[in-house]
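Letter by letter, the sequence shown follows residues 568 to 746 of our numbering.
Where is the CB? At the ideal position from N, CA and C, for every residue including glycine.
Notes follow once the structure below has been shown.
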Amino acid sequence: MVKDNDKKTVMAVQSLRNILMGSTMVATSSFLICCGLLAFTSTVSDKRRLVLSSMNRVEVTRKCAVLVPAFLTVFFCHVLSITFLNQVTMVVNILIQQECKITVEQATLMLAKGMLMTTIGNRLFFAAMPLVLWLYSPVLVFACSVLIVAALFSVDIVRKDGRARLAAVNDGNGEIIPT
Numbered sequence: 568m569v570k571d572n573d574k575k576t577v578m579a580v581q582s583l584r585n586i587l588m589g590s591t592m593v594a595t596s597s598f599l600i601c602c603g604l605l606a607f608t609s610t611v612s613d614k615r616r617l618v619l620s621s622m623n624r625v626e627v628t629r630k631c632a633v634l635v636p637a638f639l640t641v642f643f644c645h646v647l648s649i650t651f652l653n654q655v656t657m658v659v660n661i662l663i664q665q666e667c668k669i670t671v672e673q674a675t676l677m678l679a680k681g682m683l684m685t686t687i688g689n690r691l692f693f694a695a696m697p698l699v700l701w702l703y704s705p706v707l708v709f710a711c712s713v714l715i716v717a718a719l720f721s722v723d724i725v726r727k728d729g730r731a732r733l734a735a736v737n738d739g740n741g742e743i744i745p746t
């Protein structure tokens, strides 16, 4: 990435920018979910029953006390990811100079830390999303968890031949054939 031509460097920086935008979106979403949960908790009264639920104010407060730290952890992971990846985007352009005191190994370590924090933040976000449905019903939590596990399984598992598990192949005639 460092010693190659300018096109590859530009592509690397653009790829990092895209990851930064995704991290920014998830961090913002998790922070807004925290604010929404806190506002929701403050407006629930004992006299009113929640839709799809029979919980009172104490139960809602307890559940939100679990949800808010989960989403704040997601926010924290993505903020750290943004910090590391911003440093990498600056370092990639600096490494081209001969007098650079930063090594490629240091840049690689910063990139690895940033990507690790992005991965942890995304996984926590996906794990916390079913918990939001916990406010309404444990059945909704189970259904959402099954859907998320299936979706992550299809994305994470790769066959020995290198293809994704639920990939589709174009047969050349414009039709897509599931594999």
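Please report how far the alpha carbon of residue i lies from the alpha carbon of residue j, in whole angstroms.
| i | j | result |
| --- | --- | --- |
| Ala-637 | Cys-602 | 13 angstroms |
| Val-780 | Ser-704 | Only positions 568 to 746 of the chain appear in the structure, and residue 780 is not among them; the question remains open. |
| Glu-672 | Val-713 | 40 angstroms |
| Leu-619 | Ile-724 | Here Leu-619 scores only 49 on pLDDT, less than 50, and its place in the model is too uncertain to base an answer on. |
| Thr-576 | Phe-643 | 29 angstroms |
| Thr-675 | Ile-661 | 14 angstroms |
| Leu-599 | Met-682 | 23 angstroms |
| Ser-597 | Lys-727 | 36 angstroms |
Using a Cβ-Cβ cut-off of 8 angstroms (strictly less than) and excluding sequence neighbours within five positions of residue i, which residues of its own chain qualify?
| i | result |
| --- | --- |
| Val-593 | Val-641, His-645, Gly-688, Asn-689, Phe-692 |
| Cys-711 | Met-696, Pro-697, Leu-700 |
| Val-635 | Cys-601, Leu-604, Leu-605 |
According to the Cβ coordinates, are residue i and residue j closer than 8 angstroms?
| i | j | result |
| --- | --- | --- |
| Leu-678 | Val-655 | yes |
| Val-633 | Leu-702 | no |
So, at 7 angstroms on beta carbons, what are the nonlocal neighbours of residue i in its own chain, with the 5 sequence-adjacent residues on each side left out?
| i | result |
| --- | --- |
| Val-580 | Thr-656, Val-659 |
What residue range is occupied by the uninterrupted alpha helix (DSSP H) comprising residue i?
| i | result |
| --- | --- |
| Ile-715 | 705-723 |
| Leu-678 | 671-700 |
Output needed for residue i: all residues of its chain with C-beta closer than 6 angstroms, excluding positions within five of it in sequence on either side, in chain order.
| i | result |
| --- | --- |
| Thr-685 | Ser-590, Ser-648 |
With residue i and residue j assumed to form a contact (beta carbons below 8 angstroms), what rounded beta-carbon distance in angstroms separates them?
| i | j | result |
| --- | --- | --- |
| Leu-587 | Leu-652 | 5 angstroms |
| Cys-631 | Thr-610 | 11 angstroms between Cβ atoms; not a contact. |
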